[in-house]
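Below is one structure, written out as structure tokens; the observations come after it.
Residue numbers (UniProt numbering): 1 to 316.
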């Protein structure tokens, strides 16, 4: 709250204080401005006007007045307090914290300042974590989580050009799915195929097949798998990646509490990614959670495909 003192220009300042107390910050600021013209070296007037500007969300002007208050009376904690409040409103939490700490040095008994320091420390921590979450959402790099697959492919395929193409295909599929999940909270149930650039008839075979109906019943599942096997063979695909959201399949419920089949991610939403090739099979679950109001995909978790496969083997 604005200070009232009975020193220079009491009528203008006191009137300003009354308007401030009643919530008329615009009128209060105008009166403080008149008082400053008559007494430009009075730090209290700048401090009061800074408080009024802060309520009016005129933050740049409020900060200038707070700085002027400090310059006129460097030993008065109120100038630093005003500055801290303005910086808090600007979400410049580290700078605000520094200002409040200086205020506390000048008045160690101020509970008001101590409370601000505790609050700003929490806000700064929350803001930092929110920035970290946003960085994790925007800087998606799945390759580093799929090193085991890279090693396996390099051993089985030998030719660098061949295994690198397959590895890039898997990484791109997972990253695209993660981006979709971050943006829409969902992924479509699909199988992505790595088509042969020379042999595949692209007019007959697209690189993506929808499988959203595959999990409606054992019959549709079986029919879908048979179709996918034929599709993989007829399209001369080198590999495939099935992506399926957890919420459309019943497996996680079936796996609960069944020894080695036990499902460990019951608290997480997310999706499966199953890699298929003639020589390799891999399965991951990408868990999802909400943090700082943002949907965030966690690191892929490797599952035992012999226990948790989403689809049976697609390649002969």
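Built from N, CA and C at the ideal position, the CB exists for glycine as well.
Just so we're clear, the structure is a prediction, and the values are computed from it rather than from any experiment.
Cutoff 6 Å; reference residue i; Cβ partners in own chain excluding five residues on either side
| i | result |
| --- | --- |
| residue 275 | 170, 241 and 282 |
| residue 305 | 281 and 283 |
| residue 19 | 27 and 28 |
| residue 89 | 59 |
| residue 63 | 86 |
| residue 78 | 47 |
| residue 163 | 153, 154 and 157 |
| residue 61 | 53 |
| residue 159 | none |
Of the listed residues the options, nearest to residue i (C-alpha basis)
| i | options | result |
| --- | --- | --- |
| residue 209 | 197, 235, 219 and 216 | 235 |
| residue 55 | 273, 29 and 133 | 29 |
| residue 245 | 12, 187 and 14 | 187 |
| residue 139 | 301, 293 and 297 | 297 |
| residue 315 | 307, 225, 308 and 121 | 225 |
| residue 135 | 119, 109 and 179 | 179 |
| residue 81 | 193, 105 and 58 | 105 |
| residue 123 | 87, 102 and 108 | 87 |
| residue 228 | 263, 219 and 311 | 311 |
| residue 172 | 247, 243, 217 and 21 | 243 |
| residue 53 | 32, 125, 219 and 43 | 32 |
| residue 313 | 302, 230 and 250 | 230 |
| residue 262 | 214, 307 and 96 | 307 |
| residue 248 | 279, 218, 212 and 164 | 212 |
| residue 277 | 217, 218 and 194 | 194 |
| residue 129 | 290, 25, 218 and 176 | 290 |
Cut-off 7 Å between Cβ atoms - residues of its own chain near residue i, not counting five sequence neighbours on either side
| i | result |
| --- | --- |
| residue 6 | A caution first: residue 6 carries a pLDDT of 45, below 50, which makes its placement in the model unreliable, though a value can still be read off. So no residue of the chain qualifies. |
| residue 9 | Because residue 9 carries a pLDDT of 49, less than 50, the predicted location of this residue cannot be relied on, and the following value inherits that uncertainty. Only 35, 38 and 39 meet the Cβ criterion. |
| residue 95 | 87 |
| residue 41 | 72 |
| residue 43 | 69, 72, 73, 76 and 79 |
| residue 137 | 182, 294 and 296 |
| residue 107 | 77 and 113 |
Whole-Å CB distance - residue i paired with residue j, under 8 Å assumed
| i | j | result |
| --- | --- | --- |
| residue 266 | residue 285 | Incorrect: roughly 11 Å between the Cβ atoms, too far for contact. |
| residue 127 | residue 93 | 6 Å |
| residue 181 | residue 295 | 7 Å |
| residue 23 | residue 48 | Between residue 48 and residue 23 the Cβ distance is about 15 Å, and since that is not below 8 Å, they are no contact. |
| residue 232 | residue 166 | With a Cβ gap of about 14 Å, residue 232 and residue 166 do not count as contacting. |
| residue 192 | residue 207 | 6 Å |
| residue 292 | residue 133 | 5 Å |
| residue 268 | residue 250 | Their Cβ separation, rounded to whole angstroms, is 16 Å, which puts residue 268 and residue 250 out of contact at 8 Å. |
Span of the beta strand (DSSP E) around residue i
| i | result |
| --- | --- |
| residue 273 | 269–276 |
| residue 284 | 281–291 |
| residue 194 | 190–194 |
| residue 295 | 294–297 |
| residue 218 | First-last for residue 218: 218–234, but that is the alpha helix (DSSP H), not the beta strand (DSSP E). |
| residue 206 | Taken as a continuous stretch (DSSP letters only), residue 206 belongs to no beta strand (DSSP E), as it is neither H nor E. |
| residue 242 | 239–245 |
For residue i, the first and last residue of its enclosing alpha helix (DSSP H)
| i | result |
| --- | --- |
| residue 166 | 160–184 |
| residue 36 | 25–38 |
| residue 301 | From DSSP, residue 301 is part of no alpha helix (DSSP H) but of the beta strand (DSSP E) over 301–303. |
| residue 48 | 43–55 |
| residue 60 | 59–72 |
| residue 84 | 77–89 |
| residue 327 | For residue 327 there is no data in the structure shown, the boundaries of the chain being 1 and 316. |
| residue 104 | 93–106 |
| residue 152 | 147–157 |
Spatial neighbours of residue i in its chain, beta-carbon cut-off 8 Å, leaving aside the 5 residues before and after
| i | result |
| --- | --- |
| residue 300 | 142, 145, 146, 174, 273, 284, 285 and 286 |
| residue 100 | 80, 81, 84, 113, 116, 117 and 120 |
| residue 196 | 235, 236, 237 and 238 |
| residue 57 | 89 |
| residue 149 | 167, 170, 275, 280 and 282 |
At least three beta-carbon pairs within less than 8 Å, the region 137–153 to the region 98–118:
With the cut-off at 8 Å, the region 137–153 and the region 98–118 do not touch.
Tell me whether the region 148–163 and the region 195–203 touch, counting them as touching only if at least three CB pairs, one residue from each stretch, are closer than 8 Å.
Output reads no: the region 195–203 does not touch the region 148–163.
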